[in-house]
């Protein structure tokens, strides 16, 4: 086989040499400096150029999370550069990037008198981070809960949502008589898409928050590290009470600031809270 190929190549070369002598090449297509056909060279260069493959936004998000949370563990916050890198990816995220739109059944209003069902689309989960989307119909509520030792990125893809979040007041321990602990309000306002990505940290940024859908909403959540009971990262729910409801020795707040504080009390997961897992049908994620 190798001999036959060699002979064939020699014959092709001879034919080309003869053709070059007999077929005139118009001077207008010659490069005066090199006396070669420059258009042909450019064409050959283009043929050898590697074809670029577009990366979908959700794949870019996955790749970025892999990098940002590579050394992630409980209480470890990514570097500020990595925080901004991941935030920049999420800030540009759109519902279509994950195959969502408000008219989908996930976001239909619940039957009157029934607690709205929250649907969850799981995108990825590993011991370093998780990616998922919460789909809330109008009036849907994700009750007040925490994110122990975690850094969380939340991107409202569409809709209007009310967010209330708290951070613990570090120098005030839990009271024994009512098992409540003082927390400071971090956010208490509505958010409407398009908007910037919200970020919370293990001890700052509103680690405990509650979402209430004013309209149908979709929230893309990235958690690093994810919830894990064996690793001490259990999701805990809370009730919140006005500061004036409890009196604790040594704890006083000026009257005009009291609305900025509340007492939080641990509770069991609400019985009427319903999460339903749905199949993610958006662009595929290649987990390398």
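In our numbering, the protein residues as written are 5 to 292. Idealized CB from N, CA, C, for every residue including glycine. Every value quoted in this text rests on a predicted model; they were computed, and no experiment measured them.
- In the three-state scheme derived from DSSP, where H, G and I count as helix and E and B as strand, residue 155 is classed as strand.
- The C-beta separation of residue 161 from residue 125 comes to about 11 Å, leaving the pair out of contact by the 8 Å criterion.
- In the structure shown, the three-state DSSP call for residue 66 is helix.
- The continuous alpha helix (DSSP H) containing residue 92 extends over residues 84-95.
- In this structure residue 243 touches residue 269 by the C-beta definition: roughly 5 Å separates them, less than 8 Å.
- Residue 212 and residue 79 have their C-alpha atoms roughly 15 Å apart.
- Using a Cβ-Cβ distance cut-off of 8 Å, the stretch 244-261 and the stretch 88-104 are not in contact, since fewer than three pairs of beta carbons, one from each stretch, lie closer than that value.
- Closest in alpha carbon position to residue 277, among 223, 241 and 154, is 241.
- Boundaries of the beta strand (DSSP E) around residue 184: 184-196.
- In the three-state reduction of the DSSP assignment, residue 225 falls in the strand class.
- Taking a 10 Å sphere around the C-beta of residue 118, we find fewer than 16 other C-beta atoms and assign the residue as exposed.
- Comparing alpha carbon positions, the residue from 68, 178 and 179 closest to residue 157 is 68.
- Spanning the alpha carbons of residue 179 and residue 267 requires a straight line of approximately 10 Å.
- Under a 10 Å Cβ-count criterion, residue 207 is classified as exposed, with fewer than 16 other Cβ atoms of the shown protein chains found around its own Cβ.
- Residue pairing by DSSP places residue 278 in no beta bridge whatsoever.
- Taking C-alpha positions only, residue 120 is separated from residue 112 by approximately 9 Å.
- Residue burial annotation: residue 177 is exposed, with fewer than 16 other C-beta atoms found within 10 angstroms of its C-beta.
- In the pairwise beta carbon analysis, the stretch 59-77 is classified as touching the stretch 228-236: at least three pairs are separated by under 8 Å.
- Across the structure, residue 203 and residue 75 are spaced so that their CA atoms are roughly 19 Å apart.
- For residue 152, the CB contacts under 6 Å within the same chain, skipping 5 residues up- and downstream, are 237 in chain order.
- Distance from the CA atom of residue 163 to the CA atom of residue 223, rounded to whole angstroms, is 9 Å.
- Rounded to whole angstroms, the Cβ separation of residue 127 and residue 265 is 36 Å, and the two are not in contact under 8 Å.
- Note on geometry: alpha-carbon atoms of residue 82 and residue 209 lie some 14 Å from one another.
- Pairing residue 150 with residue 201, the inter-Cα distance amounts to about 18 Å.
- Residue 190 and residue 216 have their C-alpha atoms some 16 Å from each other.
- The C-beta separation of residue 140 from residue 220 comes to about 7 Å, placing the pair in contact by the 8 Å criterion.
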